[in-house]
Amino acid sequence: GEILVKGPQIMAGYWQRPDADAEVFVDGWLRTGDVGTIDANGFIRIVDRLKDMIAVSGFKVFPSQIEAVLYHHPAVKEALVIGVPDTYRGERPRAYVTLQDAAEIDGEALRTWLNAQIGRHEQVDRVVVRGALPKTMIGKLSRKELVAEVRAGG
Numbered sequence: 018g019e020i021l022v023k024g025p026q027i028m029a030g031y032w033q034r035p036d037a038d039a040e041v042f043v044d045g046w047l048r049t050g051d052v053g054t055i056d057a058n059g060f061i062r063i064v065d066r067l068k069d070m071i072a073v074s075g076f077k078v079f080p081s082q083i084e085a086v087l088y089h090h091p092a093v094k095e096a097l098v099i100g101v102p103d104t105y106r107g108e109r110p111r112a113y114v115t116l117q118d119a120a121e122i123d124g125e126a127l128r129t130w131l132n133a134q135i136g137r138h139e140q141v142d143r144v145v146v147r148g149a150l151p152k153t154m155i156g157k158l159s160r161k162e163l164v165a166e167v168r169a170g171g
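First residue of the sequence shown: 18, per my numbering; consecutive thereafter.
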């Protein structure tokens, strides 16, 4: 579920931004924007960012879980999954990957392999093989930039 935190170390609110406070505070709890699970020992594991969740026919699909499966394929070097509009499902996951240097596989073969490994509602419509994926200034993969690029028709 969504991770909320509360305690004396949590900020009191945004400076002169009551609208922002209303978005992130619920009865004194701070909504972190993260989604996670709690194990039997009470440890929290962050699964993904709530804003990255893909809504597929009412199911919550988290890109990081699909990406984790893609990274198990020996040909995949980098992977990002985003939601794309789907008239029937609302959204559908689409994967973008770069390949290891010596890898020779196409997107359709990767899609077939991936969809055999994951749940029905997680299945991607395409795996797009690219030479590079967008990155932040510090070298992390940038889902935000990829979404903007795809929405702009790239």
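Built from N, CA and C at the ideal position, the CB exists for glycine as well.
Check, Outcome
"Figure out for me which residue from TYR113, THR104, VAL101, GLY107 has the closest Cα to the Cα of LEU87.", "TYR113"
"Which partner residues does ASP51 have in the DSSP bridge list?", "ARG66"
"So, for ASP142: in the same chain, excluding its five sequence neighbours on each side, which residues have a beta-carbon less than 6 Å away from its beta-carbon?", "ARG109, ARG111"
"May I ask which residues mark the beginning and end of the beta strand (DSSP E) holding LEU97?", "93-103"
"Which residues does DSSP list as the beta-bridge partners of THR115?", "GLU95"
"Suppose you measure from the CA of PRO80 to the CA of ARG66; what does that come to, to the nearest Å?", "9 Å"
"So ALA92 and LEU116 are in contact, right, with Cβ under 8 Å, and what is the actual spacing, rounded?", "5 Å"
"Verify whether the separation of the beta carbon atoms of GLY170 and VAL144 is less than 8 Å.", "no"
"Evaluate HIS90 with the Cβ neighbour count: other Cβ atoms within 10 Å of its Cβ, from every protein chain shown; 16 or more gives buried, anything less gives exposed.", "buried"
"Under 8 Å, do GLU95 and LEU158 count as touching if we go by C-beta distance?", "yes"
"Residues in the same chain with beta-carbon distance under 7 Å from ALA126, minus the five sequence neighbours each way, listed in chain order, please.", "none"
"Tell me, to the nearest whole angstrom, how far the beta carbon of VAL98 is from that of ILE83; I am working on the premise that it is less than 8 Å.", "5 Å"
"Compute the distance between the beta-carbons of ARG62 and GLU19, then report whether it is under 8 Å.", "no"
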